[in-house]
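Protein chains in written order, with the numbering used here: chain A, 1 to 119; chain B, 1001 to 1110.
Glycine included, every Cβ here is placed at the ideal spot set by N, Cα and C.
Right, one structure below, let's go through it.
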Amino acid sequence: GAVVSQHPSRVICKSGTSVKIECRSLDFQATTMFWYRQFPKQSLMLMATSNEGSKATYEQGVEKDKFLINHASLTLSTLTVTSAHPEDSSFYICSARAGRAIETYQPQHFGDGTRLSIL
Amino acid sequence: KNEVEQSPQNLTAQEGEFITINCSYSVGISALHWLQQHPGGGIVSLFMLSSGKKKHGRLIATINIQEKHSSLHITASHPRDSAVYICAAIPSYNTDKLIFGTGTRLQVFP
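See below:
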């Protein structure tokens, strides 16, 4: 159980293109989804947290107009990198968490990531 | 100083060896994840624990809340265990966050 599917796994595109990445929870309802970015040999860096039906909360330094996040349903969140440039090339990975319990922490379940290369 | 420190950074082992990866943290936590990141990038959550010990197959995770320390053990290591292992603390002050350790790159040779 607790499978998170992320698509596409790899994108190569030209500078100026907008790229959409999907993150789906396949067998549970994800009240909260998280988007991370990872540079080579570095730790994951949280970009934003989104709760279903609400606007995403972006981390400091992450441009919300550049990285559009939509969490319209309990099983789907999308990250759109708008007008992508070579410096946006990175590994993007999502995670999803069921429930919003305070007393009992629900674990995050991760997708397989999307490797984005902007030429 | 990072709030979550892992050691060692790199680890090589022969197949069959017993592996230990250590994680120390300096914040109060609700729980701690051990994650496995494969060469392709995908991440699998191995354990989430807030006390004691958990075992799954050849993997064992322990945590000592008083000492703010957790360990991940792999018994009878195998080349397919080669991956980056990451501990991630869920801080009590914000359970939406994960504070990641820098990871331990494990290579197991046949």
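Whole-angstrom distance between residue j and residue i, CA atom to CA atom
i                 : j                 : result
Glu87 (chain A)   : Gly1052 (chain B) : 43 Å
Thr82 (chain A)   : Glu52 (chain A)   : 22 Å
Gly61 (chain A)   : Ala48 (chain A)   : 11 Å
Ala1061 (chain B) : Phe1047 (chain B) : 7 Å
Glu59 (chain A)   : Gln1107 (chain B) : 33 Å
Gly1041 (chain B) : Ser1007 (chain B) : 21 Å
His85 (chain A)   : His71 (chain A)   : 24 Å
Best match in the options for proximity to residue i [C-alpha to C-alpha]
i                 : options                                       : result
Ala1088 (chain B) : B:Thr1012, B:Ile1043, B:Ile1019 and B:Leu1059 : B:Ile1043
Ile1021 (chain B) : B:His1038, B:Asn1002 and B:Ile1063            : B:Ile1063
Val4 (chain A)    : A:Arg10, A:Ser15, A:Thr17 and A:Asp27         : A:Asp27
Gln42 (chain A)   : B:Ser1092, B:Tyr1093, B:Gln1066 and B:Gly1101 : B:Gly1101
Leu74 (chain A)   : A:Lys14, A:Arg24 and A:Ser9                   : A:Arg24
Val1027 (chain B) : B:Pro1079, B:Leu1098, B:His1078 and B:Leu1072 : B:Leu1098
Arg1105 (chain B) : B:Leu1049, B:Pro1091, B:Lys1068 and B:Arg1080 : B:Arg1080
Phe1018 (chain B) : B:Ser1030, B:Ile1074 and B:Leu1011            : B:Ile1074
Asn1094 (chain B) : B:Ala1031, B:Gly1057, B:Glu1067 and B:Tyr1085 : B:Ala1031
Trp35 (chain A)   : A:His85, A:Ser18 and A:Gly111                 : A:Gly111
Ala30 (chain A)   : A:Lys20, A:Gly99, A:Gly113 and A:Leu79        : A:Gly99
Beta-ladder partner(s) of residue i, from DSSP
i                 : result
Pro1091 (chain B) : B:Ile1029
Arg1105 (chain B) : B:Asn1010 and B:Val1084
Leu1035 (chain B) : B:Ser1045 and B:Ile1086
Lys1097 (chain B) : Per DSSP, none; premise fails for Lys1097 (chain B).
Glu1005 (chain B) : B:Ser1024
Ile1065 (chain B) : BP columns for Ile1065 (chain B) are empty, so no partner.
Thr114 (chain A)  : A:Tyr92
Where residue i sits in the DSSP three-state scheme
i               : result
Glu22 (chain A) : strand
Glu87 (chain A) : helix
Arg37 (chain A) : strand
Contacts that residue i makes with chain B (C-beta to C-beta distance below 7 Å)
i                : result
Pro107 (chain A) : His1033, Ser1045 and Met1048
Thr49 (chain A)  : Asp1096
Interface partners of residue i on chain A, CB under 8 Å
i                 : result
Leu1011 (chain B) : Under the 8 Å cutoff, chain A gives no residues; its nearest Cβ is about 15 Å from Leu1011 (chain B).
Under 9 Å by beta carbon: chain B residues contacting residue i
i               : result
Thr17 (chain A) : What Thr17 (chain A) touches in chain B: nothing, since even the nearest Cβ is about 21 Å away.
Leu74 (chain A) : None at all; the shortest Cβ gap to chain B is about 17 Å.
Contacts of residue i in chain A (Cβ-Cβ under 7 Å)
i                 : result
Thr1102 (chain B) : Ser43
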